[in-house]
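Data first, discussion second: the structure below is written as structure tokens.
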Amino acid sequence: MAGWMWLRCVLGPHLQRIHRSPDQTRPDARAGRRQGWSYQPRSLEKHTDSILSWVSLWSLSYYSSPLLLCYLYRKGYICSSKLVPVSQYVGTVLVCLLGVACLRGKATDITELRCYDFDFPHWPADFSWTEVSNPKLSKTGVSLLKPEPRLRGAADSVLNSVRTLPCHIISFLIAHTFGRRMLYPGSVGLLQKAMRPMLQQGQARLIEEFDGQRNKLVACDGNEIDTMFVDRRKDEGQNGQTLVICCEGNAGFYEVGCMNTPLEGGYSVLGWNHPGFGGSTGVPFPQNEANAMDVVIQFAMHKLGFKLSDIVVYAWSIGGYPASWAAMSYPEIQSIVLDASFDDLLPLALKVMPDSWRPLVQHTVRQYMNLNNAEQLIKYQGPVLLIRRTRDEIITTMGPEDVMSNRGNDLLLKLLQFRYPKIMTDEGIRVIRQWLGASNHLEEASVYSGYEVDDDWCVSVLQSYQADRDVLFPWSVGEDMTLEGRRQLALFLARKYMRNFETTHCTPLPASEFHSPWRLKKENDGWMRGK
């Protein structure tokens with residue numbers, strides 16, 4: 044029995060914070076709020092924690108070990124007389140983990156466990172993909188849009204495979220080493236370690252101030268997804284009946300990310316961390332991202348009780364990939380909002396890599412990191428809102444001073460060209476590009492008024508087309524229209540689908556800028572603008 048207890052101590056979790064005293068007797072606890080405090084280890088625990096922190100740098104030590112061993116050998120440190128026995132620390136490590144490891148034994152249900160913040164790998168799973176019957180889903184993952192293969196003869200295909208084998212090997216190595224870490228720096232352990240105090244503080248705020256509920260979801264690929272849910276359905280107001288699922292950026296975590304924007308707006312919110320971020324396991328490749336997004340939506344429907352028509356997907360930056368996948372795969376969702384996102388990763392990847400690497404970059408992106416947001420988004424028939432940062436320094440190919448190089452522009456143009464091909468002729472694209480060239484609201488209004496756009500006329504044209512046909516996109520509206528009419532409709536639609544926010548890429552979006560996407564109501568129902 045004693046041996047088993049010692050083993051549990053070694054394998055048990057590390058306690059970080061107590062969100063609420065089980066007996067609610069803390070003198071500083073205020074009624075109606077979950078008061079918490081950070082767990083303060085004693086001197087012995089602090090000492091062993093520092094040792095474990097050094098051990099956690101194993102991945103760095105692993106790669107640098109040959110150089111380190113050579114250095115130590117030359118200095119004469121590698122000899123039997125100077126090796127420090129580590130067995131004396133084993134008993135100390137066991138003692139420091141004893142109290143925390145027993146928490147799982149004392150907790151009789153998940154409610155008690157939620158009072159503690161401890162290492163997430165020890166948290167029991169709250170929902171698994173196996174709990175839902177989905178014939179389209181398998182252990183290999185959900186379906187993705189793949190680039191179309193080039194047609195070749197059998198002999199050409201074999202010859203080409205042999206010729207391109209070195210390129211395939213190099214692409215694989217790039218994608219699975221520094222490429223993935225450059226694309227998703229938030230998955231790097233050292234960065235997460237540096238941000239840990241901030242993440243713990245943000246998580247405590249969500250749980251103790253907003254009564255957030257942390258859950259572990261198991262995706263079809265076996266990855267465990269760390270999520271946070273804040274329920275506002277019992278609050279006054281209609282916003283709480285809508286669930287906003289938040290998709291973070293490449294260095295964003297739900298603890299300190301875009302989840303705060305809809306929270307301030309009074310919505311129910313479900314945030315989740317990318318695979319490999321925070322408590323989530325795995326690595327953030329496109330397939331894993333889509334698998335994670337799928338289990339998050341299934342959890343929202345089958346555990347939290349939201350209908351797809353009550354779900355809004357909100358994404359910032361690279362989070363546009365899982366968000367656009369969700370819109371494509373679950374077309375019944377209410378709407379999608381993409382903030383500071385882009386149409387395709389490839390142009391942005393080519394910007395930061397040498398020109399001589401162009402063929403290799405193209406192959407690596409398309410094969411392993413194909414974040415094709417626009418291709419996925421155009422499959423969605425519902426309301427869309429794009430938010431463009433006019434001083435964005437990340438998703439521009441020519442720098443923040445050139446607003447026309449913002450890849451959000453291309454995302455808008457591709458969406459409108461698919462939905463309204465007869466309006467988006469060369470002239471329609473030209474006037475929209477002129478409007479996109481405006482870097483502030485005054486310039487934007489000047490372009491809009493210069494073409495004398497009549498909003499009421501544009502609404503009536505679109506409503507008449509919808510009433511006569513009631514068809515899915517793409518629409519043929521504008522086919523028999525004058526050049527002036529198509530110009531007006533193009534500018535009108537551009538302003539409805541995109542809103543400018545005059546700031547940089549990483550500035551948090553205020554709740555006042557978070558709007559419901561525009562949608563066209565049927566003629567007898569009137570007109571609905573974004574909130």
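Positions 44 to 574 (my numbering) are the ones given, in order, by the sequence shown. All C-beta atoms, glycine included, are put in the ideal place defined by N, C-alpha and C. Values in this document were obtained by computation on a predicted structure and should not be read as measured data.
Exposed or buried, residue i, counting other C-beta atoms within 10 Å across all chains shown (16 or more means buried)?
i, result
"Pro-557", "In the sequence under discussion, the amino acid at residue 557 is Phe, which differs from the Pro named in the question. Per the 10 Å Cβ criterion, buried."
"Asp-523", "exposed"
"Leu-216", "exposed"
"Gly-471", "buried"
"His-211", "exposed"
"Asp-269", "buried"
"Gly-265", "exposed"
"Ala-383", "buried"
"Gln-281", "exposed"
"Glu-332", "buried"
"Gly-348", "exposed"
"Ala-237", "exposed"
"Leu-485", "exposed"
"Ala-262", "buried"
"Trp-500", "exposed"
"Asn-203", "exposed"
"Val-338", "buried"
"Gly-321", "buried"
"Ala-247", "buried"
"Ala-168", "exposed"
"Val-395", "exposed"
"Arg-527", "In the sequence on display, residue 527 carries Glu and not Arg. Answer is exposed; the Cβ neighbour count stays below 16."
"Pro-65", "The predicted model places Pro-65 with a pLDDT of 43, which falls under 50 and marks its position as unreliable, so this point remains unresolved."
"Gln-244", "exposed"
"Leu-233", "exposed"
"Leu-515", "exposed"
Does the distance from the CB of residue i to the CB of residue j come in under 8 Å?
i, j, result
"Ser-360", "Asn-293", "yes"
"Arg-223", "Val-326", "yes"
"Leu-313", "Phe-272", "yes"
"Tyr-159", "Leu-260", "no"
"Tyr-463", "Leu-536", "yes"
"Tyr-494", "Arg-530", "yes"
"Arg-275", "Tyr-310", "yes"
"Leu-381", "Val-408", "no"
"Thr-525", "Arg-432", "no"
"Met-26", "Leu-188", "Coverage of the chain is limited to positions 44 through 574, which leaves residue 26 absent and any answer about it impossible."
"Val-504", "Leu-532", "yes"
"Phe-296", "Gly-229", "yes"
"Met-467", "Leu-479", "no"
"Gln-477", "Lys-565", "no"
"Gly-363", "Phe-328", "no"
"Leu-208", "Val-299", "no"
"Val-185", "Ser-448", "no"
"Pro-56", "Phe-161", "yes"
"Ile-376", "Leu-351", "yes"
"Leu-563", "Cys-301", "no"
Just to confirm my understanding: we take residue i, look at its own chain, exclude 5 residues before and 5 after, and list those with CB closer than 7 Å. What are they?
i, result
"Arg-69", "In this prediction, Arg-69 scores a pLDDT of 45, lower than 50, which makes its location untrustworthy; the coordinate-derived value is nonetheless stated afterwards. Excluding positions up to five away in sequence, the list reads Gln-78."
"His-406", "Cys-210 and Ser-214"
"Thr-154", "none"
"Leu-393", "Arg-401 and Val-404"
"Glu-418", "Leu-188"
Once the 5 residues before and after residue i are set aside, which same chain residues still bring their CB inside 8 Å of it?
i, result
"Ile-379", "Val-355, Val-356, Tyr-357, Ala-358, Ala-366, Ser-367, Ala-369, Ala-370, Leu-420, Tyr-423, Gly-425, Pro-426, Val-427, Leu-428 and Pro-560"
"Ala-343", "Leu-286, Ile-288, Leu-313, Phe-349 and Ile-354"
"Tyr-82", "Leu-58, Gln-59, Arg-60 and Ile-61"
"Val-175", "Gln-341 and His-345"
"Pro-517", "Phe-461, Arg-462, Tyr-463 and Pro-464"
Apart from the five residues on each side of it in sequence, which residues of its chain come closer than 6 Å, Cβ to Cβ, to residue i?
i, result
"Ala-481", "Glu-487 and Val-490"
"Ile-437", "His-548"
"Lys-346", "Phe-170"
"Ala-335", "Ala-262, Ile-268 and Pro-318"
"Ser-555", "none"
"Ile-475", "Ala-533 and Ala-537"
"Ile-430", "Asp-382, Arg-542 and Phe-544"
"Ser-323", "Ile-268, Asp-269 and Asn-316"
Return yes when the C-beta of residue i is under 7 Å from any heavy atom of the ligand FMN, and no when it is not.
i, result
"Val-404", "In the structure on display, the ligand FMN does not appear, and there are no ligands present to speak of."
Beta strand (DSSP E) runs contained entirely in the region 422 to 455, provided each spans 3 or more residues:
427 to 432
Inside the region 239 to 286 only - beta strand (DSSP E) runs reaching at least 3 residues:
Uninterrupted beta strand (DSSP E) stretches at least 3 residues long and entirely within the region 239 to 286 occur at 256 to 261 and 267 to 273, given in chain order.
Kindly confirm or deny that the region 301 to 317 and the region 277 to 290 touch, where touching means at least three C-beta pairs closer than 8 Å.
yes
If you scan the region 352 to 415 from start to end, which runs of the beta strand (DSSP E) of 3 or more residues do you find wholly inside it?
Fully enclosed beta strand (DSSP E) runs of no fewer than 3 residues occupy 354 to 359 and 378 to 382 of the region 352 to 415, in order along the chain.
The region 398 to 413 contacting the region 435 to 450, beta-carbon criterion three pairs below 8 Å:
No, the region 398 to 413 is not in contact with the region 435 to 450.
Taking contact to mean 3 or more Cβ pairs, one atom from each stretch, closer than 8 Å, check whether the region 535 to 548 and the region 452 to 465 are in contact.
Pairwise C-beta distances place the region 535 to 548 in contact with the region 452 to 465, as three or more of them are shorter than 8 Å.
Kindly provide the ranges of any beta strand (DSSP E) runs that are 3 or more residues long and lie completely inside the region 291 to 337, ordered along the chain.
311 to 315
Note down, one range per segment and in chain order, each alpha helix (DSSP H) of at least 4 residues found wholly within the region 494 to 563.
498 to 512 and 526 to 540
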